[in-house]
Amino acid sequence: MTADHRHGSDSPATRTEAIEALLVGKGLVKSAAVDALVERYEQDVGPLRGARVVAQAWTDPAFRARLLEDGMPAIRELGFGDNTDAHVARLVVKENTDSVHNLVVCTLCSCYPWAVLGLPPAWYKSPAYRSRAVREPRRLLAELGLDLSPDVEVRVWDSSAEVRYMVLPQRPEGTDGLGVEELTGLVTRDSMIGVERLQRTG
Amino acid sequence: MNLPVRLDEDGAAAPPRENGELAFSAPWESRLFGLTMALVEVGRLDWEAFRGRLIGGIAAWEATARDEEWSYWLRWQEALEDSLEAAGLVAAPEIDRLTGQFAARPHGHDHRHDRDHHHEHSMENDE
Numbered sequence: 157m158t159a160d161h162r163h164g165s166d167s168p169a170t171r172t173e174a175i176e177a178l179l180v181g182k183g184l185v186k187s188a189a190v191d192a193l194v195e196r197y198e199q200d201v202g203p204l205r206g207a208r209v210v211a212q213a214w215t216d217p218a219f220r221a222r223l224l225e226d227g228m229p230a231i232r233e234l235g236f237g238d239n240t241d242a243h244v245a246r247l248v249v250k251e252n253t254d255s256v257h258n259l260v261v262c263t264l265c266s267c268y269p270w271a272v273l274g275l276p277p278a279w280y281k282s283p284a285y286r287s288r289a290v291r292e293p294r295r296l297l298a299e300l301g302l303d304l305s306p307d308v309e310v311r312v313w314d315s316s317a318e319v320r321y322m323v324l325p326q327r328p329e330g331t332d333g334l335g336v337e338e339l340t341g342l343v344t345r346d347s348m349i350g351v352e353r354l355q356r357t358g
Numbered sequence: 143m144n145l146p147v148r149l150d151e152d153g154a155a156a157p158p159r160e161n162g163e164l165a166f167s168a169p170w171e172s173r174l175f176g177l178t179m180a181l182v183e184v185g186r187l188d189w190e191a192f193r194g195r196l197i198g199g200i201a202a203w204e205a206t207a208r209d210e211e212w213s214y215w216l217r218w219q220e221a222l223e224d225s226l227e228a229a230g231l232v233a234a235p236e237i238d239r240l241t242g243q244f245a246a247r248p249h250g251h252d253h254r255h256d257r258d259h260h261h262e263h264s265m266e267n268d269e
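As given, the protein sequences belong to chains V and W, one line each in that order. Residue numbers for the first sequence follow the numbering used here, beginning at 157 and rising by one. Residue numbers for the second sequence follow the numbering used here, beginning at 143 and rising by one.
Right under this line is the structure:
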């Protein structure tokens, strides 16, 4: 199991290249699949915890009240949070309603409630999103496919190192009969950032 | 959302992160990561067994005083090599040999365009 002999004078980059060439040569992996996986992990990992939190809030009014009061302790009730970012003092959950739509951004960098939402999508870090979310959120949302009626107020929440925000989306209509597990499957990352409204899906 | 495994977020086996994102400091690190995940995805590598080797390797490294600078991704590389060897997929001498060949390639603008030098990883026909 000891591997001390390996990295003597070889550069790990060359060694990795050799491993990849061997694996590709043996037909065990395709380089394109490797590209895709790196991209997926960098952009897409794990909003599942957040989805579970949302589904719980939809089905358990007392939990929802606690969640909106103070996010982290409520999330720990579900067994999440022990591994979460110790630097984040607070997680604030903002509830969407018929009259209020919340949107999360980090104008300074790319602070993100990754403990519940996983890795941020690439666009979240883009200068365009960061500036336009504040300057013209309604137009930005429309471009992202979310047309809000003029009587819906848009509230933009700017994340920081100390406070991270997450949106509690509205429960889609026609989902009354669904349990927590099925509801969890309906909740998308984008809806918890606030750039998407959940629809009932077939 | 169809990722092969859930990565550790805490503890010795957790990959380095920055603001929640995986932190790679060199291209080979993300390449190594992607290779591993690709193998897991197609069922060629058992994630839990790999993870166990990674944790063991990190613990062994930490238990030994050395001058070598800490590198999470080097431990990952060792764990992957051990896993590949244990699974009978790639033997260490094969890796050593090809690494030596690659290391001996001429570099820079004066390299020869011979068959051993590809800018992309397309060594399928190189035996």
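Think of the CB as a built atom: it goes at the ideal place given N, C-alpha and C, for glycine as much as any other residue.
Member of the options whose CA lies at the smallest distance from the CA of residue i
i	options	result
Ala155(W)	Ser225(W), Ile237(W), Leu222(W), Arg193(W)	Arg193(W)
Ala289(V)	Thr344(V), Arg171(V), Thr263(V), Thr253(V)	Thr263(V)
Gly195(W)	Tyr214(W), Glu183(W), Glu210(W)	Correcting the residue type first, residue 195(W) is Arg in the shown sequence and not Gly. Checked all of Tyr214(W), Glu183(W), Glu210(W); the closest Cα to Arg195(W) is Tyr214(W).
Ser167(W)	Leu149(W), Arg247(W), Trp212(W), Ile200(W)	Trp212(W)
Glu227(W)	Asp188(W), Gly242(W), Ile200(W), Pro248(W)	Asp188(W)
Ile237(W)	Ser167(V), Leu324(V), Glu352(V), Ser347(V)	Ser167(V)
Ala221(W)	Ile175(V), Ala207(V), Glu299(V), Glu352(V)	Ile175(V)
Leu216(W)	Asp150(W), Val232(W), Phe244(W), Ser172(W)	Ser172(W)
Tyr256(V)	Arg220(V), Ala192(V), Met348(V), Arg311(V)	Going by the sequence as given, residue 256(V) is Val instead of Tyr. Selected option, being the one with the closest Cα: Arg311(V).
Trp279(V)	Arg295(V), Arg294(V), Leu300(V)	Leu300(V)
Arg232(V)	Val209(V), Ser187(V), Glu337(V), Lys281(V)	Val209(V)
Where the alpha helix (DSSP H) containing residue i begins and where it ends
i	result
Arg291(V)	283 to 291
Val180(V)	168 to 181
Leu216(W)	214 to 228
Arg193(W)	189 to 204
Leu174(W)	169 to 183
Leu240(W)	234 to 245
Val323(V)	Here Val323(V) belongs to no alpha helix (DSSP H); instead the beta strand (DSSP E) covers 319 to 324.
Beta-carbon spacing of residue i, residue j below 8 Å
i	j	result
Ala213(V)	Thr340(V)	no
Gln326(V)	Asn252(V)	yes
Leu273(V)	Arg345(V)	yes
Trp203(W)	Leu174(W)	no
Leu247(V)	Met322(V)	yes
Ala229(W)	Val190(V)	no
Arg291(V)	Val261(V)	no
Euclidean distance between Cα positions of residue i and residue j
i	j	result
Asn258(V)	Val180(V)	46 Å
Ala205(W)	Gly198(W)	10 Å
Gly333(V)	Gly183(V)	47 Å
Val361(V)	Ala169(V)	In the structure as shown, chain V begins at 157 and stops at 358. Residue 361(V) is therefore absent and cannot be evaluated.
Ser316(V)	Pro269(V)	10 Å
Gly350(V)	Ala230(V)	20 Å
Arg247(W)	Val319(V)	51 Å
Val92(W)	Ser305(V)	As displayed, chain W neither begins before 143 nor continues past 269, which places residue 92(W) out of reach and without an answer.
Asp307(V)	Met228(V)	31 Å
Leu302(V)	Arg353(V)	7 Å
Leu297(V)	Thr172(V)	42 Å
Span of the beta strand (DSSP E) around residue i
i	result
Val209(V)	No beta strand (DSSP E) holds Val209(V); the alpha helix (DSSP H) holding it covers 204 to 215.
CB contact below 8 Å: residue i versus chain A
i	result
Gly194(W)	The structure shown has no chain A; the protein chains it does contain are V and W.
Strand pairing of residue i, partner residues [DSSP]
i	result
Trp313(V)	Val260(V)
Cβ-heavy atom distance, residue i to the ligand NAD, below 7 Å
i	result
Glu225(V)	Among the ligands in the structure shown, none appear at all, so the ligand NAD cannot be discussed.
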